[in-house]
Every structure is written in structure tokens, then in C-alpha cells.
Amino acid sequence: MNFIPLLILFALTSSSSLNEEINLDNLFETRWVLNKAGGYIPNLEEFDFVIYNTPQAKDLPYQFQFGGLIFKKDGTLLEYVWNKCGTGNPPDFYETEYQIEKIENEVTIQISNSRQWDGDYVIQGLTKSNLKMTRINLN
25 MNFIPLLILF ALTSSSSLNE EINLDNLFET RWVLNKAGGY IPNLEEFDFV
75 IYNTPQAKDL PYQFQFGGLI FKKDGTLLEY VWNKCGTGNP PDFYETEYQI
125 EKIENEVTIQ ISNSRQWDGD YVIQGLTKSN LKMTRINLN
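Residue 25 is where the sequence shown starts when you use our numbering, and the numbers rise one by one after that.
Shown next as C-alpha cells:
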């Protein structure tokens, strides 16, 4: 039995799954909350998000569970914050902006005028329930 055709088929299907195009429809209009941070957000490079109000998110610390980001299709970014303060009435979210640049299969998001998310990010993975980004530049 000749295994070479099977090896070639396996190599082709494996490499195509690594280069799959990111479906940006999964990004928009969804509230993404940090699954774990491990530090002060402006100092971090790797980010793993899950969807707000899901079983995964309910076990997170409040500042992650009730924080988060919503990428609107018009380039508006809603930056949610956890309002732990008992005095005053701070807003639930702040409006900022972002731009997406897509070159071949790499998607870069540039966030500006944000409270703590300014910078350039590469989307490492995006499904209907998970978003992984790496910060490549701090603005």
C-alpha cells in the first residue's frame, strides 16, 4: 500500500486549516470580556476573550465579567467598565474608535482614544465564542 498520497492529502488539509481566513462577522456586535488578564491591561501583550454573560464569563472576577469590548461595524468601540464605585454615577461604557486592516489572512485592529486599549492588535483566533489577540504596538 502506498502512503504517499495520504501524506500529501494530510499535508494539504493541515496547511489550509492554518491559513483559514478569519470571519470578522464573529467579531462585531458581541460583548467580549477578558477570560484572564494576569496584570494591568496596558502592560499586557496577549489577550483571550469570551462572550459576556456566558457560563465561562460568570466565574470571572467582576472587573472582567462586567467589563469588556463591543466592536460595532461602523468603527465605534464600546469599552465597558465595572462600576464598583458606590458614589456618583459613572458611565457603563466609553465610546472610542477602531480601524481594521486586513492583509491576506492577517487581521490587525488599531484602537485609539481608549481608556486602556490604545494600540495595534493582531487577531490570532476568532470563533463565535472566543477571541484571541496579541498587542503588537502600544499607541
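C-beta: ideal position from N, C-alpha, C; glycine also.
- Rounded to the nearest whole angstrom, the C-alpha separation of glutamine 140 and arginine 159 is 12 Å.
- Taking all protein chains shown into account, isoleucine 147 has 16 or more neighbouring C-beta atoms within 10 Å of its C-beta and is therefore buried.
- The beta-carbon distance between asparagine 50 and leucine 150, rounded to whole angstroms, is 5 Å. This is short enough to meet the 8 Å contact definition.
- In the three-state scheme derived from DSSP, where H, G and I count as helix and E and B as strand, phenylalanine 90 is classed as coil.
- Taking the C-beta atoms as reference points, leucine 162 is found nearer than 8 Å to glycine 143.
- The continuous alpha helix (DSSP H) containing lysine 82 extends over residues 79-82.
- With respect to phenylalanine 95, tyrosine 104 sits apart: the two C-beta atoms are not nearer than 8 Å.
- In the displayed model, asparagine 137 falls within coil according to three-state DSSP, outside both helix and strand.
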